[in-house]
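All remarks here apply to the structure that follows.
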Amino acid sequence: MRQERLIRYLSEHEIVSVDELLNEFHISVRTLTNDIRFASELGESKGFAIKRIRGRGYRLEVTEEDTFARFIQEMEVENSTSDDPEKRLKNLELTLLFQEDYITLQQLADLMEVSLTTIKQDLKKTNDFFTAQQLKLHSKAHYGIKVIGNEREKRQTIIALLKSNLEVPVSTMQYQTFEANFDEEKIRAFLTAAIDRYDLKTNDVVFANIVQHLKLLAFRIAQNNLIIETVPANLEPSSTKYREFTEDISEFLAETYQIQLPESEKDYLLEQLRGKITVLDDEESNQRLRAAIAGALNQLDEKYKTRFSKDLELQNALLLHVSPLLQRLYTGHQLDNPLIEDIYTRYANVFNLAIEFIASLNADLNTTISKDEIGYLAIYFTASLEKQSAQELEQYRKIAVICATGGGASYLLKVTLERLFANANVETFSAMELAKIDQSYDLVISTIPLENPPAKIPIVYTKAVLTDVEIRKIEQDLNLLRENKLQSVDVNQRLLQLFRPEWFGITDKDYLTTLKDTAITLENEGAAEKGFSASVLEREEMIDTIYRNGVGGPHPMEAMAIHEGIDVRLFRPNQQYQGKPVRIFFLINIAKGHLTLHKEISHLLIRMMEDQELERQLTKITNYQEFMMYVTHLLEKGPR
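In structure tokens form, the structure reads like this:
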């Protein structure tokens with residue numbers, strides 16, 4: 017921004033005359049006066065002051081060395097974003113939203129520190145962005161451009177941009193001055209006390225969201241940008257806590273910042289609070305919601321062979337989360353999830369499940385739930401699945417361990433397994449003692465291949481010396497055993513069996529065309545049920561399945577496999593889809609209820625994403641055999 021460049025210029029010179037500043041920044045005396053005033057106001061909180069030296073010009077004096085040094089460092093980070101097209105676009109959008117009056121293209125170019133040509137190119141993309149947010153970039157001859165539209169949409173868009181991983185977001189000097197003088201700790205303390213006083217339920221992410229909303233609300237009202245329409249507050253009698261909380265916030269803002277909230281702003285604030293904070297003082301409503309949650313969990317259990325409905329901790333957590341979530345869906349204010357990319361990548365198997373859960377609660381709601389909101393639900397279900405997996409280990413009571421080496425190695429293996437299976441009696445046998453293992457044993461763990469294994473007893477193969485990797489693999493094998501109802505399984509071999517030469521190809525077509533053609537082929541060849549291709553495209557349209565480093569894992573809305581498998585497509589050259597690079601995808605086609613198998617496929621994809629030599633490795637692959645060598649190498653690294 018020009019004002020920041022002015023501050024830097026003054027800091028690098030002893031005394032600078034007015035004429036020198038006018039020539040350096042190509043501005044008028046009036047503009048310079050305004051810039052100096054804004055910079056001086058900012059300096060009160062940033063450790064500097066700007067002094068007028070009569071007859072000579074201006075001088076910047078540092079009043080707090082550490083504070084000023086941090087400010088300079090922040091400006092350096094901000095200026096670096098002009099080299100990043102994506103960040104530059106977001107900063108341009110944010111600047112336009114904060115701008116009160118029309119601004120010329122040259123002024124924007126100066127603010128963003130790029131050429132006029134670059135600004136014109138960026139504005140074409142920015143115009144599409146604002147249209148998608150139901151806003152309009154309005155142009156007026158001789159004045160410049162300005163964002164016009166509903167104040168609600170403006171605030172929602174500003175909040176979204178402020179959260180979009182910009183280290184130091186570009187904004188107007190007015191907002192920077194306001195932010196510098198806004199006592200965030202004071203409002204945090206007030207909110208914490210109020211939430212405790214009203215016995216409300218929230219979490220750290222939501223709390224930060226409320227603080228950010230209130231800060232923006234205070235700034236916009238101070239700039240006389242008001243919500244005009246009134247939102248009807250259809251509160252149940254027992255939910256008047258929201259109204260009381262809103263009135264408390266209104267009084268706090270009036271006393272602390274002399275900001276008066278009109279009724280329309282109070283209604284908007286109340287709507288925000290209802291979508292973010294849970295009130296659980298209406299027993300009748302709680303019982304209805306609890307019953308609906310239980311019904312939805314029962315449906316999932318029946319479909320996926322899980323035990324969600326038995327998990328009381330999960331039900332209580334969902335009760336706290338779902339009530340404000342449903343309100344957010346009705347009002348269109350959905351939360352951002354700072355962990356979403358990691359959650360989405362690691363727990364892709366649970367995302368569809370979370371989508372089905374919320375859909376069953378609100379079959380009549382014609383609203384698309386965001387990826388971030390689904391991510392929050394997926395966390396709850398993932399935690400419950402992990403708990404169920406641990407409970408399965410606790411059910412093993414008698415385990416036979418076959419170790420050919422005997423002696424100390426056998427004893428070490430026994431002790432290690434006793435730590436894993438806390439409730440089990442672990443006994444060791446040699447290969448010659450195989451006949452002693454009868455049907456009273458729940459599980460056999462062997463370090464050697466068994467030609468004539470005990471009948472009807474699950475068997476897991478491992479190594480004589482158990483590393484953390486091997487212990488994790490035992491758990492994975494057991495999960496797959498239960499899911500597939502097999503006597504013995506090896507997770508790595510199970511994954512390798514999903515690939516076939518006829519389900520591999522290298523293409524130069526675009527991502528969506530390739531995905532559609534591949535899905536249709538699997539369906540037509542009888543590997544998947546009718547409707548598979550449509551379901552895959554529906555899932556991709558809802559939330560794309562392109563993860564980090566150009567690795568994708570597309571799959572249908574629900575499992576539809578007749579013959580399980582993974583169709584692999586390598587892209588030469590790399591493609592782009594919704595702004596993301598695409599190098600390779602695994603089109604996942606597995607049977608209903610195979611959540612664990614999907615999870616293991618996700619783990620394989622993660623190993624691929626995290627491979628430091630991924631691009632080189634994929635470039636080397638020219639056929640199916642070379643691809644399988646690479647996948648086998650990834651699996652041999654061990655489970656994550």
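Quick note: to get this note's numbering, add 16 to the position in the sequence shown (first position is 1). Glycine included, each C-beta is placed from N, C-alpha and C at the ideal position. Small disclaimer: the values here were computed from a predicted structure and weren't measured.
Best match in the options for proximity to residue i [C-alpha to C-alpha]
i      : options                           : result
Pro597 : Asp560, Gln633 and Asp388         : Asp560
Thr322 : Ser131, Arg498, Ala375 and Phe520 : Arg498
Leu611 : Arg362, Leu428 and Asn468         : Arg362
Glu90  : Asp51, Ala209 and Ile23           : Ile23
Arg564 : Tyr593, Thr537, Pro278 and Glu557 : Tyr593
Pro469 : Asn495, Ala416 and Pro517         : Ala416
Gln455 : Phe437, Ile475 and Ala447         : Ile475
Gln331 : Thr83, Gly73, Leu313 and Ala196   : Leu313
Ile522 : Lys141, Phe601 and Glu287         : Phe601
Lys156 : Thr134, Glu434 and Tyr118         : Tyr118
Tyr258 : Arg213, Asp220 and Thr272         : Arg213
Ile164 : Thr173, Lys152 and Thr134         : Lys152
Leu230 : Ile211, Leu207, Lys217 and Ile244 : Leu207
Leu482 : Asp458, Gln274, Tyr427 and Leu409 : Tyr427
Residue i classed as buried or exposed, judged by whether at least 16 other C-beta atoms fall within 10 angstroms
i      : result
Ala85  : exposed
Gly424 : exposed
Thr97  : With a pLDDT of 47 at Thr97, under the threshold of 50, the modelled position of that residue is not reliable, and the figure given next carries that caveat. By the neighbour-count rule (16 or more Cβ atoms within 10 Å), Thr97 is buried.
Leu14  : Because the chain in this structure spans residues 17 to 656, residue 14 falls outside the shown range and cannot be described.
Glu183 : Annotation note: pLDDT 47 at Glu183 (below 50); position unreliable, coordinate value reported separately. Glu183 comes out exposed.
His619 : buried
Asp215 : exposed
Arg510 : buried
Ala451 : exposed
Glu20  : buried
Thr111 : buried
Leu433 : buried
Leu124 : buried
Pro253 : In this prediction, Pro253 scores a pLDDT of 44, lower than 50, which makes its location untrustworthy; the coordinate-derived value is nonetheless stated afterwards. The residue in question, Pro253, is exposed, as its Cβ has fewer than 16 Cβ neighbours within 10 Å.
Arg413 : exposed
Leu132 : exposed
Asn282 : Note on residue identity: the sequence assigns Lys, not Asn, to residue 282. So Lys282 ends up on the buried side.
Gly595 : exposed
Glu652 : exposed
Gln591 : buried
Beta-carbon proximity check, residue i vs residue j, cutoff 8 Å
i      : j      : result
Val227 : Arg204 : yes
Phe235 : Phe194 : yes
Val584 : His571 : no
Glu663 : Leu531 : In the structure as shown, the chain starts at 17 and stops at 656, and residue 663 therefore has no counterpart that could be examined.
Ile359 : Gly311 : no
Leu502 : Leu613 : no
Ala55  : Ile66  : yes
Lys489 : Val507 : yes
Ile487 : Val460 : no
Thr147 : Glu109 : no
Asn378 : Leu342 : yes
Host beta strand (DSSP E) of residue i (start-end)
i      : result
Tyr363 : First-last for Tyr363: undefined, no H or E at that position.
Ser155 : Lys152 to Lys156
Thr635 : From DSSP, Thr635 is part of no beta strand (DSSP E) but of the alpha helix (DSSP H) over Leu630 to Lys636.
Leu459 : Leu459 to Ser462
Ile622 : Element bounds for Ile622: not the beta strand (DSSP E) but the alpha helix (DSSP H), Leu611 to Met625.
Ala65  : Phe64 to Ile69
Gly581 : Gly581 to Tyr593
Phe602 : Lys596 to Asn605
Phe437 : Neither: Phe437 is in no beta strand (DSSP E) and is coded neither H nor E.
Rounded Cβ spacing between residue i and residue j (contact assumed at less than 8 Å)
i      : j      : result
Gly581 : Ala543 : 6 Å
Phe324 : Ser400 : 6 Å
Ser266 : Leu242 : That belief does not hold up - the Cβ atoms of Ser266 and Leu242 are roughly 14 Å apart, past 8 Å.
Gln149 : Glu169 : 6 Å
Leu105 : Ile174 : Not confirmed; about 15 Å, so no contact.
Ile637 : Ile617 : That belief does not hold up - the Cβ atoms of Ile637 and Ile617 are roughly 19 Å apart, past 8 Å.
Endpoints, the alpha helix (DSSP H) within which residue i is located
i      : result
Ile536 : Tyr527 to Asn540
Lys452 : Note, Lys452: premise wrong, no alpha helix (DSSP H); not H, not E.
Ala420 : It is not in any alpha helix (DSSP H) - Ala420 carries neither H nor E in the DSSP assignment.
Ala209 : Glu200 to Arg213
Ile175 : Glu167 to Leu178
Ile522 : Where Ile522 is concerned, there is no enclosing alpha helix (DSSP H), although the beta strand (DSSP E) it sits in stretches over Phe520 to Thr523.
Gly73  : It is not in any alpha helix (DSSP H) - Gly73 instead sits in the beta strand (DSSP E) that spans Gly73 to Val78.
Ile135 : Leu132 to Ala148
Pro101 : Pro101 to Phe114
Ile490 : Asp484 to Asn500
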